[in-house]
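*Asks:*
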Amino acid sequence: MRGGRFIAGAVLFGLFAGLALLSFLWTPHSVEAMDIPAKLQGPSAAHWLGTDHFGRDILSMVMVGARTSIAVAIVAVGIGMGFGVPLGLAAAAYAGGWIDEIIMRGNDLAFAFPALVIAILITAVFGPSAVNAILAIGIFNIPVFARITRGGALPLWRREFILAARVAGKGRARISAEHILPNIAALLIVQGTIQFSLGILAEAALSYVGLGAQPPVPSWGRMLADAQTLVALAPHVALIPGFAIVLTVLGLNLLGDGLRDALDPRLRVVRA
Amino acid sequence: MGGGARPTMMRYLLRRTAILIASLAVASVLIFAVIEIVPGDPATTMLGINARPDTVAALREELGLGRSAPVRYLDWVGGMLRGDFGTSYTYRTPVAGMIADRLWVSLPLALIALALSTAIAFPAGIYAAARRGRAGDAGVTLATQAGIAVPNFWFAMILVLVFSINLGWFGAGGFPGWGAGPWPALKALVLPAVALALPQAAILTRVMRSALIETLGEDYIRTARAKGLTRGQAIRRHALRNALIPVLTILGLQFAFLLAGGIIIEQVFYLPGLGRLIFQAISARDLIVVESVVMLLVFAVILVNFLVDLAYAAVDPRLRAR
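Chains as they are written, first to last, in this note's numbering: chain A, 1325 to 1596; chain B, 8 to 329.
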């Protein structure tokens, strides 16, 4: 049952990651090729998942859209880890000190902001683009990783092997990098998959309201926005990108759960 | 409760209020700063590049752009404290009034969604916890996994497809206004509220389930069972009450999320709420409206978190220590 979840998650996510990679080399049709006479067709031999309102091939757009979603989410998780993990390590290394206090109060504040509203504010002010969407999502990953890192690192500082390292004369920064980080890697990987899936949902929402990737770059959220007025005419145009999002996110969540069970069943993960 | 509890609660209240005020101050500075660093001159941004220079100059004068940023910030915050949110440039009406109108859509929407997600999550979570490890539990867990993975705006589109277009039970969008009577207005909010509530219900179900499972492992539950209570009786009389504490916290956070999350759902159903106001203001470059609505939403979230913390501390004295 447990291994089953991991495998199901790996297969689902692997499918869409594979499609995204394949889209760099090959797509059934060009995503920019419009064919108005062939618009809003259902699935056929020529277009396996049908065509949209411009006659573009939906399978090809889903493939390139996977690329957009996954790329945005990966970079956003990277930003969150890149800044959040060192902050969390520093907070734990100097627990109770002013560094810890500043980092944790800043964290409380970031958690209090409705992330979506701020993402909308950022993209509204700096203009809608995939890069600004990444930044807006990434910034909100920083406090998540800072908190989970600090929480994982704190109890380790009271362990004997850390004491031994301190007696050996290693500094706090070096201990954090050499001894603390490897011991919380599992925790960070599991949290990473969750933030990854939340990033894909956030990117879809931002693109849906027109604040994410801009035309002609295909993205799942914008495919849904385009499909909204066509839902009565051609339901498949609205259903397919949605299923792509659901299956990818579900795959990542199952993968995260499976990894957690495999790595350490006692891991506590924040869902924010 | 002894006499010692009162000063502790008082101190906690003061400390928490100080944090509330500090959070609001920092939040307002951040929002002001983001609007402030808009590339280019705000007046030109709002009017577009083809505006006549004298029009731009008049708007600069109206916005008080000649004054320094700190003065304008204090002006903005001072105004909001007096209930004056400025005047919308595009609509030429006070922003406070526009916000009040839109709240009559957004607030009921969030409340209905909150009620729905609670009505789904409580029974589902209790059921799963009581049948832990069995088929019923696995079913609920699977459903929550799916619920968390569904984007609410896509779920909204499917609801429209099924219940508006195919079955014709509800309109596909729009809002008749409360003036037309409560029933048509409520009917227009049903599908949006369901769309908003479903992913939240999935999260809340998981919290309810794990909180209850945790309490079920406590010694006092074993004692209760040893006394001869059935599993169901032990859950109803002892476990549920204790499991509710973490659930209520999440519930409070969810209300804030629902208010903000409604932004996207309002777009799907063309509801004239705060979300549509923000997007209309963004496309009209009406920065005064954007700034004030964002501040109001952040204020609501911070305030709800504050109230939840207080309620939490009132229920559980151990929490006042931190």
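The beta-carbon is built from N, C-alpha and C at its ideal position, and this holds for glycine as well.
Please report the straight-line C-alpha distance between A:Ile-1564 and B:Leu-21, rounded to a whole angstrom.
*Replies:* Distance between the alpha carbons of A:Ile-1564 and B:Leu-21 is about 53 Å.
*Asks:* Between A:Gly-1338 and the ligand ATP, is there a pair consisting of the residue's CB and a ligand heavy atom that are separated by less than 7 Å?
*Replies:* The model depicted lacks the ligand ATP and carries no ligand whatsoever.
*Asks:* Compare the C-beta of B:Met-87 against all C-beta atoms of chain A and say whether one is closer than 8 Å.
*Replies:* Not an interface residue.
*Asks:* Give the DSSP-derived three-state secondary structure of A:Pro-1506 in the structure shown.
*Replies:* Helix at A:Pro-1506.
*Asks:* So, at 7 Å on beta carbons, what are the nonlocal neighbours of A:Asn-1456 in its own chain, with the 5 sequence-adjacent residues on each side left out?
*Replies:* So the list reads Ile-1446, Thr-1447, Phe-1450, once near-sequence residues are dropped.
*Asks:* What are the residues that DSSP puts in a beta bridge with B:Thr-94?
*Replies:* Per DSSP, B:Pro-101.
*Asks:* With 16 as the cutoff for other CB atoms within 10 Å, does B:Gly-259 come out buried or exposed?
*Replies:* B:Gly-259 comes out buried.
*Asks:* Can you tell me whether B:Gly-239 is buried or exposed? The criterion is at least 16 other CB atoms within 10 Å of its CB, across all chains shown.
*Replies:* Looking at its Cβ environment, which holds fewer than 16 other Cβ atoms inside 10 Å, B:Gly-239 is exposed.
*Asks:* A:Val-1514 to A:Leu-1411, Cα distance in whole Å?
*Replies:* Each residue's alpha carbon lies about 19 Å from the other.
*Asks:* Output, in chain order, the set of chain A residues within a Cβ distance shorter than 7 Å of B:Gly-268.
*Replies:* The answer, in chain order, is Leu-1440.
*Asks:* Are the C-beta of A:Leu-1459 and some C-beta of chain B separated by less than 8 Å?
*Replies:* By this cut-off, A:Leu-1459 is not an interface position.
*Asks:* Start and end of the alpha helix (DSSP H) containing A:Val-1269?
*Replies:* Residue 1269 of chain A lies beyond the range of chain A shown here (1325 to 1596); nothing can be said about it.
*Asks:* For A:Phe-1389, which option in A:Ala-1416, A:Val-1555, A:Arg-1490, A:Gln-1538 has the closest C-alpha, if you only look at C-alpha atoms?
*Replies:* Per the sequence shown, residue 1389 of chain A should be read as Gly rather than Phe. Nearest C-alpha to A:Gly-1389: A:Gln-1538.
*Asks:* For the candidate residues A:Gly-1342, A:Thr-1473, A:Ala-1443, whose alpha-carbon lies nearest to that of A:Leu-1511?
*Replies:* A:Leu-1511 has its Cα closest to that of A:Thr-1473, out of A:Gly-1342, A:Thr-1473, A:Ala-1443.
*Asks:* Does DSSP classify B:Asp-108 as helix, strand or coil?
*Replies:* B:Asp-108 falls in the helix class under three-state DSSP.
*Asks:* Along chain A, in chain order, which residues have C-beta atoms closer than 8 Å to that of B:Val-33?
*Replies:* Here the neighbours are Leu-1433.
*Asks:* Which residue wins for smallest C-alpha separation from B:Thr-94, given the options B:Ile-270, B:Ala-40, B:Leu-70, B:Leu-205?
*Replies:* When each option's Cα is compared against that of B:Thr-94, the closest is B:Leu-70.
*Asks:* Find the residues of chain B that neighbour A:Pro-1559, judging by a C-beta separation of less than 7 Å, and give them in chain order.
*Replies:* Neighbours of A:Pro-1559 on chain B, chain order: Leu-168.
*Asks:* Distance cutoff 8 Å, beta carbons only. Does B:Met-215 sit that close to anything in chain C?
*Replies:* Absence of chain C from the displayed structure is noted, the protein chains being A and B.
*Asks:* In terms of alpha-carbon separation, which member of B:Ala-208, B:Gly-268, B:Val-275 lies closest to A:Val-1555?
*Replies:* Closest by alpha carbon: B:Val-275.
*Asks:* So, are the CB atoms of A:Pro-1452 and A:Leu-1535 less than 8 Å apart?
*Replies:* Yes, the pair counts as a contact, with Cβ atoms nearer than the cut-off.
*Asks:* Does A:Thr-1351 come out as helix, strand or coil in the three-state DSSP assignment?
*Replies:* Coil.
*Asks:* Under a three-way DSSP split, which group does B:Thr-237 fall into?
*Replies:* Coil.
*Asks:* I'd like to know if the stretch 1422–1429 of chain A and the stretch 1485–1502 of chain A are in contact, where contact means that at least 3 CB-CB pairs between them fall below 8 Å.
*Replies:* Contact fails: fewer than three Cβ-Cβ distances are below 8 Å.
*Asks:* Report yes if the CB atom of A:Gln-1519 is closer than 8 Å to the CB atom of A:Gly-1404, and no otherwise.
*Replies:* Yes, the pair counts as a contact, with Cβ atoms nearer than the cut-off.
*Asks:* Just grab the DSSP bridge partners of B:Asp-226 for me.
*Replies:* Looking at the DSSP assignment, B:Asp-226 forms no beta bridge with any residue, so it has no partner.
*Asks:* Report the residue from A:Ala-1528, A:Ile-1458, A:Arg-1498, A:Asn-1577 whose alpha carbon sits nearest the alpha carbon of B:Ile-155.
*Replies:* For the residues A:Ala-1528, A:Ile-1458, A:Arg-1498, A:Asn-1577, the minimum Cα distance to B:Ile-155 belongs to A:Asn-1577.
*Asks:* Along the chain, where does the alpha helix (DSSP H) that runs through B:Glu-273 open and close?
*Replies:* Residues 247–276.
*Asks:* Mind listing, in chain order, the continuous alpha helix (DSSP H) runs of no fewer than 4 residues lying wholly within the stretch 102–174 of chain B?
*Replies:* The stretch 102–174 of chain B contains these whole alpha helix (DSSP H) runs: 102–137, 142–156, 159–166.
*Asks:* Out of B:Thr-151, B:Leu-110, B:Gly-235, which has the shortest C-alpha to C-alpha gap to B:Ser-124?
*Replies:* Residue B:Thr-151 is the option with its Cα nearest to B:Ser-124.
*Asks:* Between B:Leu-247 and A:Ala-1501, what straight-line distance do the alpha-carbon atoms span, to the nearest angstrom?
*Replies:* The straight-line gap from Cα to Cα measures roughly 43 Å.
*Asks:* For the alpha helix (DSSP H) that B:Gln-287 lies in, which residues bound it at each end?
*Replies:* It spans 281–290 - the alpha helix (DSSP H) in which B:Gln-287 sits, taken as one unbroken run.
*Asks:* Residues in the same chain with beta-carbon distance under 8 Å from B:Ala-304, minus the five sequence neighbours each way, listed in chain order, please.
*Replies:* Note that residue 304 of chain B corresponds to Leu in the displayed sequence, not to Ala. Same-chain partners within the cutoff: Leu-266, Ala-267, Leu-281.
*Asks:* Using 8 Å as the threshold, is the C-beta distance between B:Ile-257 and B:Val-214 below it?
*Replies:* Cβ atoms of B:Ile-257 and B:Val-214: closer than 8 Å.
*Asks:* Indicate the three-state DSSP secondary structure (helix, strand or coil) for B:Arg-329 in the structure shown.
*Replies:* Per-residue confidence for B:Arg-329 stands at a pLDDT of 49, beneath the threshold of 50, marking its modelled position as unreliable; no derived number is given.
*Asks:* In the DSSP assignment, find the unbroken alpha helix (DSSP H) run with A:Phe-1450 in it and report its ends.
*Replies:* Its alpha helix (DSSP H) spans residues 1439–1450.
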